[in-house]
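**Student:** Before I ask anything, here is the structure I am working with.
In the numbering used here, the protein residues as written are 1 to 96.
Rendered as structure tokens:
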């Protein structure tokens, strides 16, 4: 390979490395406020129907899963079960 092509390749590689560095720095600059928002979203309460939709199941299947200890729900208001989004996502990840 001649010297000019090698120099061009090195410049190209250096440019790509700079772009990667900028991307990494951008990801690392998520503010504490943004992190708190993301955490609050994960802790959002879902209805049994919403949990079923995310898991691709029917509401009766979610009840069976809860009764069998496969998903944790919280009784709210005396009759209604709610599920944390983080719990639903945990179950979904185990299903895949």
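Backbone N, C-alpha and C define an ideal beta-carbon position, used for all residues, glycine too.
Just so we're clear, the structure is a prediction, and the values are computed from it rather than from any experiment.
1) Return no unless some Cβ of chain D is closer than 8 Å to the Cβ of residue 15.
2) Is it the case that the region 34-51 contacts the region 82-90, given that we only count it when at least three CB pairs across the two stretches are under 8 Å?
3) By the 10 Å Cβ neighbour count, where 16 or more other Cβ atoms means buried, how is residue 51 classified, buried or exposed?
4) Taking residue 53 as the reference, which of 8, 13 and 92 has the closest Cα?
5) For residue 17 and residue 95, I'd like the C-alpha separation in whole angstroms.
**Tutor:** Taking the geometry as given:
1) Of the chains in the structure shown, none is chain D; there is only one protein chain.
2) The region 34-51 and the region 82-90 touch, with three or more beta-carbon pairs separated by less than 8 Å.
3) buried
4) Closest option to residue 53, judged by alpha-carbon separation, among 8, 13 and 92: 92.
5) 37 Å
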